[in-house]
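Beneath this line is the structure, given in structure tokens, with notes to follow.
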Amino acid sequence: MTELPLVLLHAFPLDSRMWNAVREPLASHVRVITPDQRGLGRSPLPESPREPSLEDAARDVVALLDRLELGRVVLGGCSMGGYLAMAVLRLAPERVGGLVLIDTKATPDTPAAAQTRLDVAARVEREGTKTWLAEANLPNLLAASTRERRPEVVETVREIIESQPPAGVSWTALALRTRPDSLDLLRDCGVPALVVVGEEDPITPVASASEMAGVMDGATLVVLPGAGHLTPLEDPAGVVEAILSWYPATHEQTHEK
Numbered sequence: 001m002t003e004l005p006l007v008l009l010h011a012f013p014l015d016s017r018m019w020n021a022v023r024e025p026l027a028s029h030v031r032v033i034t035p036d037q038r039g040l041g042r043s044p045l046p047e048s049p050r051e052p053s054l055e056d057a058a059r060d061v062v063a064l065l066d067r068l069e070l071g072r073v074v075l076g077g078c079s080m081g082g083y084l085a086m087a088v089l090r091l092a093p094e095r096v097g098g099l100v101l102i103d104t105k106a107t108p109d110t111p112a113a114a115q116t117r118l119d120v121a122a123r124v125e126r127e128g129t130k131t132w133l134a135e136a137n138l139p140n141l142l143a144a145s146t147r148e149r150r151p152e153v154v155e156t157v158r159e160i161i162e163s164q165p166p167a168g169v170s171w172t173a174l175a176l177r178t179r180p181d182s183l184d185l186l187r188d189c190g191v192p193a194l195v196v197v198g199e200e201d202p203i204t205p206v207a208s209a210s211e212m213a214g215v216m217d218g219a220t221l222v223v224l225p226g227a228g229h230l231t232p233l234e235d236p237a238g239v240v241e242a243i244l245s246w247y248p249a250t251h252e253q254t255h256e257k
């Protein structure tokens, strides 16, 4: 394995288990690292006097790369993981040798979306995550066909969401609402990029994926039919194929620079 390692950052409000179906097939070709973001999964939420910010989560990723002694990686993320990947690119562009942006977008929250995140943070602090958070998110996270015909995927997503610590969900919701526009960042990044999106994704639709791919020189866009917002869970084979088909080009371009 001579390619750069692949770091995959998970969606909200999930954790790194969302990569379970793609991790092993990818790991037979490239080193794969799937951390939990602070406050979610098995990662603790550090005490901080600062307002929640994705920049702090990006510092966590850079600190992980330092601990693993990884100079540069291909950085991938689904949904929130894509936002976090862009935050890392902004913070430490020298550590990013390629981008895999899955079911995500480069634009900031609208005022309505930012208010929804405030409401989620407040409710999860009052009620926790077990009684409502999965039900509130599942209709937007999974394609209708997935919800109707694949109960095992629905239950996996439900289980992951309901196991998240309320404090971590609240912190992350507040951090996401203040993220900046990243289109110019992507336009100037100069690294190989793969953009993957589910054809039925209502949160970060094909138009958003096309916009990101369009501003990055030479980016590859893959649209997966029959999948919604969580393509690594809904069409893991499609995600694996997209990444592995693109990865050699990443390796070549990285060494050409």
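For what it's worth, UniProt numbering labels the leading residue of the sequence shown as 1, then goes sequentially. Idealized CB from N, CA, C, for every residue including glycine. This structure is a prediction, so every number in the text was calculated from the model and none was measured.
- Pairing E200 with A213, the inter-Cα distance amounts to about 18 Å.
- Taking the C-beta atoms as reference points, Y83 is found no nearer than 8 Å to R187.
- Within the segment 88-171, the complete beta strand (DSSP E) runs of at least 3 residues fall at 96-102.
- Per DSSP, reduced to three states, the secondary structure at L6 is strand.
- For G190, the closest C-alpha among the options V215, V7 and A122 is that of V215.
- Distance from the Cα of G98 is smallest, within the candidate group A87, A112, V73 and T104, for V73.
- Inter-segment contact for the segment 192-207 and the segment 156-167 is absent: fewer than three beta-carbon pairs are separated by less than 8 Å.
- Per DSSP, reduced to three states, the secondary structure at G41 is coil, with no helix or strand assignment.
- Between the alpha carbons of V120 and M80 lies a gap of roughly 15 Å.
- Shortest Cα-Cα distance from L8 to any of V100, L194, T131 and D235 involves V100.
- Bounds of the beta strand (DSSP E) holding V223 are T220 to L224.
- Residue pairing by DSSP places V196 opposite I102 and V222 in a beta bridge.
- Per the coordinates, the alpha-carbon of R177 lies some 24 Å from the alpha-carbon of A143.
- Going by DSSP, L54 is part of the alpha helix (DSSP H) stretching over L54 to R67.
- For L183, there is no enclosing beta strand (DSSP E); the enclosing alpha helix (DSSP H) covers residues L183 to R187.
- D36 is a Cβ neighbour of D15, given a cutoff of 8 Å.
- Per DSSP, the unbroken alpha helix (DSSP H) holding G214 starts and ends at V206 to V215.
- Collapsing the DSSP output to three states places I33 in a strand.
- Cα atoms of A114 and V223: separation of roughly 27 Å, rounded to the nearest angstrom.
- The beta carbon of G39 is closer than 7 Å to those of L45, P165, A167, G168, W171 and T172 in its chain, skipping five residues each way along the sequence.
- Taken through DSSP and simplified to helix, strand or coil, L75 comes out as strand.
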